[in-house]
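Inspection log for the structure reproduced underneath, given as structure tokens.
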Amino acid sequence: MHHMLTLCYKEWLELRHHRTLVAGLLIPPFMLTMLPIVTVWLSGFAPPGDMAEEMNRTLTDPALAQLSGLELGQAMIGQQFGLLFMMLPLIIPNVISSYSIVGEKTNRTLEPLLATPISTSALLLGKAFTAMVPAVGITWVCGSIFIISMARFTVSPAVFTAIVSPAWLLLLIIAAPLMSLISILLTLAISSRVNDPRSAQQIVAVLIIPVMLFFFAQTVGFVSLNIVMVMLLVLALAIIAACCLWLVVRLFQRETILTRWR
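Quick note: to get the working numbering, add 13 to the position in the sequence shown (first position is 1).
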């Protein structure tokens, strides 16, 4: 544990000197936070029109059943764009973890680290938590800003309850860290096998696909977020994260990395 914490502290200090990495940590959260907030705020001024009946045909969430036309439109927009926060724990750590192996090798700082007596599992967990802590922290901060904004800009308490539901909160608090850990471990596994950080960063494009599929499925009313679904998702993510940790430890070969990249 001591070696892992020391490694985390060392990498956080180094992170401050890489402005590109810091920008990559801050720009996506800002955009993905402001987009749903502004969209929900603007929807509060839109006339309900004749869309209420059409939207009622696609409703699968009982929390939306008793809402008026304006409330219904705002609630559906808020629910859909609220899922965009699930992209943050995938995107943010990818920037750090892709640099962790390949970037250090390029800067000639990886060899001394691999030569230390730190175990492979502690090394990988240290690098994983280096990326995971800021990623999850930023995601929770952005989520808190979103919650406060929804309390301010929604047209009624019922709309706020529909958007900031217990299922969404569970997704943000528990599922987001697991998604972040999976993204980091897969990126570390790939970065240990390639010589270019950009190659490792491409894994996030694959991981975003399930999030976008659920986003579009909820948009058309095919599925709705609920507690049971989120609990099953959390269980699946925990299993996947454990498998990814086992896989990355198996793939990470210290001696091969040192000899192949000379």
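Here a beta-carbon is modelled for each residue, glycine too, at the ideal position from N, C-alpha and C.
As the structure is a computational prediction, the values presented were derived from the model and not from experiment.
At least 8 Å separates the beta-carbon of Leu136 from that of Leu220.
Judged by their CB atoms, Leu97 and Gln231 are not nearer to each other than the 8 Å cut-off. By the Cβ test, the segment 192-205 is in contact with the segment 257-265, since at least three Cβ pairs between them sit closer than 8 Å. Taking each of Gln87, Leu183, Gln215 and Phe94 in turn and checking the Cα distance to Ile240, the smallest one comes out for Leu183. A distance below 8 Å separates the beta carbons of Leu85 and Leu77. Under the criterion of beta carbons closer than 8 Å, Thr152 and Ile109 do not qualify as touching, at roughly 14 Å. In the three-state scheme derived from DSSP, where H, G and I count as helix and E and B as strand, Phe58 is classed as coil.
The C-beta distance from Met163 to Val53 rounds to 7 Å, short enough to meet the 8 Å contact threshold.
Taking a C-beta distance under 8 Å as the contact criterion, Gly57 and Ile176 do not qualify as a contact pair. In the DSSP assignment, Thr167 falls outside any alpha helix (DSSP H), carrying neither H nor E. Contact annotation: Leu101 and Ala88 have beta-carbon atoms that are not nearer than 8 Å. Nearest to Ala189 by C-alpha distance, out of Cys155, Arg165 and Val168, is Cys155. In the structure shown, Val219 falls within a helical segment according to DSSP collapsed to helix, strand and coil.
Taking every protein chain shown into account, the CB of Trp259 has fewer than 16 other CB atoms within 10 angstroms, so this residue is exposed.
Ranked by Cα distance from Ile197, the options Leu185, Ser169, Pro42 and Cys256 are led by Cys256. Taking 8 Å as the upper bound for CB-CB distance, Ile105 and Pro41 are in contact here, some 7 Å apart. Around the beta carbon of Ile195, 16 or more other beta carbons sit within 10 angstroms, so the residue counts as buried.
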